[in-house]
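Working notes for the structure below.
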Amino acid sequence: MVALSHSCDLFLTGYEALPNGIVITDPNLLLLFFNQSFREMFHLDDSYLNNHLIELLPKFIDLNIEPESFLELVERIKDNPHLEFSQKFSCLTGDKWLETKSLLGKNDEIMGRIWIISDISKNIQTTATLEDEEGLFKTIFNLAPEGIAISDLTNGQFFEVNKQFTDHWGYTRDEVIGKSAIDLDFWVDLNQRQNIVDLMKKDGSFSMIPVKMRGKDKKVKDILISGVMITINHRPYMLTIPLDITDILAYEEKIWSLASFIELNPNPIFEMNGDGNITFHNTATTSVIRKLTNTADISLFIPGGLDEILNAVKNGDEISFHREITISGRFFHEYIYITKVYRTARVYVTDITERKLAEQELIRKNEELGTAYEEILSVEEELRQNYDKLIIQEQTLFENEKKLRMIVDHIPGIVVTTDTNMVVKSIYGEGLINLGLSSNERVGQKIGEVFHQADNAFLEAYSQALMGIVTTMEVSYKNRRYVLFTSPLRDVTDSITGAIGVAIDITNQKKMEEERKRLLLQLEHNLVELALLNDKIRNPLTVISSLVEMHAPEIEESVIACVQDIDNIITNLDKRWAESEKTMRFLQKHYGIGAHLT
Numbered sequence: 001m002v003a004l005s006h007s008c009d010l011f012l013t014g015y016e017a018l019p020n021g022i023v024i025t026d027p028n029l030l031l032l033f034f035n036q037s038f039r040e041m042f043h044l045d046d047s048y049l050n051n052h053l054i055e056l057l058p059k060f061i062d063l064n065i066e067p068e069s070f071l072e073l074v075e076r077i078k079d080n081p082h083l084e085f086s087q088k089f090s091c092l093t094g095d096k097w098l099e100t101k102s103l104l105g106k107n108d109e110i111m112g113r114i115w116i117i118s119d120i121s122k123n124i125q126t127t128a129t130l131e132d133e134e135g136l137f138k139t140i141f142n143l144a145p146e147g148i149a150i151s152d153l154t155n156g157q158f159f160e161v162n163k164q165f166t167d168h169w170g171y172t173r174d175e176v177i178g179k180s181a182i183d184l185d186f187w188v189d190l191n192q193r194q195n196i197v198d199l200m201k202k203d204g205s206f207s208m209i210p211v212k213m214r215g216k217d218k219k220v221k222d223i224l225i226s227g228v229m230i231t232i233n234h235r236p237y238m239l240t241i242p243l244d245i246t247d248i249l250a251y252e253e254k255i256w257s258l259a260s261f262i263e264l265n266p267n268p269i270f271e272m273n274g275d276g277n278i279t280f281h282n283t284a285t286t287s288v289i290r291k292l293t294n295t296a297d298i299s300l301f302i303p304g305g306l307d308e309i310l311n312a313v314k315n316g317d318e319i320s321f322h323r324e325i326t327i328s329g330r331f332f333h334e335y336i337y338i339t340k341v342y343r344t345a346r347v348y349v350t351d352i353t354e355r356k357l358a359e360q361e362l363i364r365k366n367e368e369l370g371t372a373y374e375e376i377l378s379v380e381e382e383l384r385q386n387y388d389k390l391i392i393q394e395q396t397l398f399e400n401e402k403k404l405r406m407i408v409d410h411i412p413g414i415v416v417t418t419d420t421n422m423v424v425k426s427i428y429g430e431g432l433i434n435l436g437l438s439s440n441e442r443v444g445q446k447i448g449e450v451f452h453q454a455d456n457a458f459l460e461a462y463s464q465a466l467m468g469i470v471t472t473m474e475v476s477y478k479n480r481r482y483v484l485f486t487s488p489l490r491d492v493t494d495s496i497t498g499a500i501g502v503a504i505d506i507t508n509q510k511k512m513e514e515e516r517k518r519l520l521l522q523l524e525h526n527l528v529e530l531a532l533l534n535d536k537i538r539n540p541l542t543v544i545s546s547l548v549e550m551h552a553p554e555i556e557e558s559v560i561a562c563v564q565d566i567d568n569i570i571t572n573l574d575k576r577w578a579e580s581e582k583t584m585r586f587l588q589k590h591y592g593i594g595a596h597l598t
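Numbering (full-length UniProt numbering), first residue to last: 1 to 598.
Printed below as a string of structure tokens:
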């Protein structure tokens, strides 16, 4: 509640304008404020401010106020800081009414205590004289700086309001007169209204009761309402003065928030004068230094090198500084702001150890990254060169693959590759047309499903290739003959990744070979027949020559000439036979044809 001694002018004006004595104390009952009415009641001056309430006891005794009751009340408040108390007491200046209650902050923490002393004699006198001084009353009523309302105590209807009242609550006079506060929805809590009505009926007045009310704009306001009973035409009325403290409470809350921020801040905050001495510090300043050094020497936060800072403080220069200090191996950043008005240096300290260590680690890693970057550049250059070579190799491979594919596509064969599960990965070749297939048809199927009519030797060849065995064999498929070459496919680690088979269609070749064999066999047969025919012809010719010589000498010459012609012919046939025999030996040697001939 220290902030109340520095409250705004509206706060002071509101309390100073009240006829009742107003006292504000902090939670420890130190006097923070009292208004002019209280000064006059007890003949005080400002020298009593910031002293304990008990210091007023001599003044109370001078005015015949029982000290025992006052001391008992102080003890009760110490035992119960939330105590609400009201009581009538007498003194030399007349009967008084004392009321006190705690002032609570936003979170219901005790900010202080308000004391209200009402002069009961004056209230009664006011009630008696208002009827006779109506003109003076109206003048004061309209000139009062606060909103004043007069309402019928019986039904609560407004009887009269001044201009300040209508201006403050947003209503016109015609909108208010004849209606009650309930009709106009003034009350946020009707229990508060009932409370002040009960006080009025009981005591004839009430003072500075905190309530919440709302005007025409429906904005809730914090109000300290005071009231007194008056009589108009022998009818009881209630004159009330609401003091709007909404802005005051908001201002106080900001001050309290600022004060608590400094004190509750976990970072050290302190002020330093022009001599380099700490004149103020928060709790964290001591707790941090004690944790680091096991001492309470907060001067460790202000090491040497202060000349420029101290000169700025002495000269009243409004300037700020930044610097880093080290305490017990911890790094701290100090933001130092020189206030021109108070000529002090306000220092805000932040522990930056983790950040500094992180920065050092970052620098170290940056150096490592720099070295690694150089190595990466070297490797990158090597990779680039290898990549260029790879591009050339890929281009060469692509050209070779094109040539190979062109060759394969124009040979009467089929190329089939599989993975290790005998699933077809590719299939192409000119020979596919004879099987009613096209390139890469049925890729993804098992090879046995694609070539479902193939014999076991075909599938066995691929199985052996997956075991690393290269095979060459003849196989049959759909009445066609093929020479099948199978081999494993390997990756760069020499692991088998599949198999490749090349099947060359030799159907037509086989047919031609069979036809050639048939013709050669026929030739062999004809040669044998020719040899036999030679013998069969020569033998009869010999017999004929002998018979002509013996029995027909006259025709011997002509017959001998004919026999000679026939013999020449046979001799030519023998020559042909000899040549044919050489041919047969060649065929016998290279093709196994005529092996039975001798």
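Every residue gets a Cβ at the ideal spot worked out from N, C-alpha and C, and that includes glycine.
Ignore the nearest five residues each way along the sequence and tell me which others in P19's own chain have a CB closer than 7 Å to its CB. Non-local C-beta neighbours of P19 in its own chain, meaning closer than 7 Å and more than five positions away in sequence, comprise S37, ordered along the chain.
Discussion item. Does the structure place the stretch 150-162 close enough to the stretch 178-190 that three or more beta carbon pairs sit under 8 Å?
Written reply: Judged by Cβ distances under 8 Å, the stretch 178-190 makes contact with the stretch 150-162, as three or more pairs qualify.
**Item:** Bounding residues of the beta strand (DSSP E) (the contiguous stretch that carries P488)
**Value:** Where P488 is concerned, the enclosing beta strand (DSSP E) stretches over 480-490.
In three-state terms, what does DSSP make of H322?
DSSP places H322 in strand when its eight states are reduced to three.
Quiz item: Could you give the residue range of the beta strand (DSSP E) that holds V283?
Solution: Here residue 283 turns out to be Thr, not Val, going by the sequence shown. Where T283 is concerned, there is no enclosing beta strand (DSSP E), although the alpha helix (DSSP H) it sits in stretches over 283-293.
Tell me, please, which residues DSSP counts as bridged to Y335. Looking at the DSSP assignment, Y335 forms a beta bridge with H322, Y348.
- prompt: Looking at V483 and I504, is the spacing between their C-beta atoms short of 8 Å?
  reply: Contact: yes.
Output yes or no for whether 8 Å exceeds the beta carbon distance between F70 and L83. No.
Worksheet item: According to DSSP, is residue 617 helix, strand or coil?
Response: Nothing about residue 617 can be reported from this structure: the residues present for the chain run from 1 to 598 only.
What are the boundary residues of the beta strand (DSSP E) that V423 is part of?
Bounds of any beta strand (DSSP E) do not take in V423, whose DSSP letter is neither H nor E.
CB-CB under 7 Å to C91, same chain, minus the five flanking residues each way: which ones, in chain order? Exclusion of the five residues before and after C91 leaves L63, N64, I65 as the residues of its chain whose Cβ lies within less than 7 Å of its Cβ.
Next item on the list: Check whether the Cβ atoms of F270 and T285 sit closer than 8 Å, and answer yes or no.
Entry: Yes. Within cutoff.
Quiz item: Do the CB positions of F89 and K96 come within less than 8 Å of each other?
Solution: Yes.
ask   = Does the Cβ-Cβ distance between I289 and T295 come in under 8 Å?
value = I289 is a Cβ neighbour of T295, given a cutoff of 8 Å.
_Can you tell me where the alpha helix (DSSP H) holding M473 begins and where it ends?_
Taken as a continuous stretch (DSSP letters only), M473 belongs to no alpha helix (DSSP H), being part of the beta strand (DSSP E) at 471-477.
Taking C-alpha atoms, which residue in V220, I209, D189, V228 lies nearest to K201? Residue V228 is the option with its Cα nearest to K201.
Terminal residues of the alpha helix (DSSP H) in which M41 lies
Run containing M41: 36-42, per the alpha helix (DSSP H) assignment.
Rounding to the nearest angstrom, what Cα-Cα distance links E55 and P67 in this structure? Between E55 and P67, the C-alpha separation is close to 12 Å.
Beta-carbon proximity list for F165, same chain, < 7 Å, skipping 5 on both sides: Within the same chain, Cβ atoms closer than 7 Å to the Cβ of F165 are found at G147, I148, A149, the five residues on either side in sequence being excluded.
Rounded straight-line distance, which links the Cα of F398 to that of L390: The alpha-carbon separation between L390 and F398 amounts to approximately 12 Å.
Nearest-angstrom Cα separation, counted from M272 out to F42 | F42 and M272: Cα-Cα distance of roughly 41 Å.
Original post:
Taking just the CA atoms, how far does D203 sit from T13?
Top reply: Its pLDDT being 49, under 50, T13 is placed unreliably in this model, and the coordinates cannot settle the point.
Grab me the residues of I124's own chain with a C-beta within less than 8 Å of its C-beta, minus the 5 sequence neighbours each way, in chain order. Note on I124: pLDDT 45, under 50, position unreliable in the model; the coordinate value appears next. Closer than 8 Å at the Cβ level, and outside the excluded window around I124, lie G204.
Q: Kindly indicate which three-state DSSP category E66 falls into: helix, strand or coil?
A: It is coil, neither helix nor strand.
Check: Anyone know if the C-beta pair for H168 and D244 falls short of 8 Å?
Finding: Closer than 8 Å, so yes.
Assign K221 to buried or exposed, taking buried as 16 or more other Cβ atoms, counted over all protein chains shown, within 10 Å of its Cβ.
When all chains shown are included, K221 counts as buried.
Are the beta-carbon atoms belonging to E557 and E549 less than 8 Å from one another? Note that the C-beta distance between E557 and E549 is not below 8 Å.
Environment of G94 [buried if 16+ CB atoms lie within 10 Å] | Exposed.
inquiry  = Considering Cα atoms alone, identify which of N440, S426, K517, E514 is closest to G498.
reply    = The residue among N440, S426, K517, E514 with its C-alpha nearest the C-alpha of G498 is S426.
query = Is it the case that the Cβ atoms of L31 and L53 are separated by a distance below 8 Å?
reply = Contact: yes.
> Grouping DSSP H, G and I as helix and E and B as strand, with all else coil, what is M208?
Replying inline: Of the three classes helix, strand and coil, the one that applies to M208 here is strand, per DSSP.
| request: Would you decide whether E381 is buried or exposed? Buried here means 16 or more other CB atoms lie within 10 Å of its CB. | output: E381 should be labelled exposed.
Check: Which one or two residues does DSSP pair with G329 in a beta bridge?
Finding: The beta-bridge partner set that DSSP reports for G329 is empty.
> If you run the structure through DSSP and keep just helix, strand and coil, what is F458?
Replying inline: Helix.
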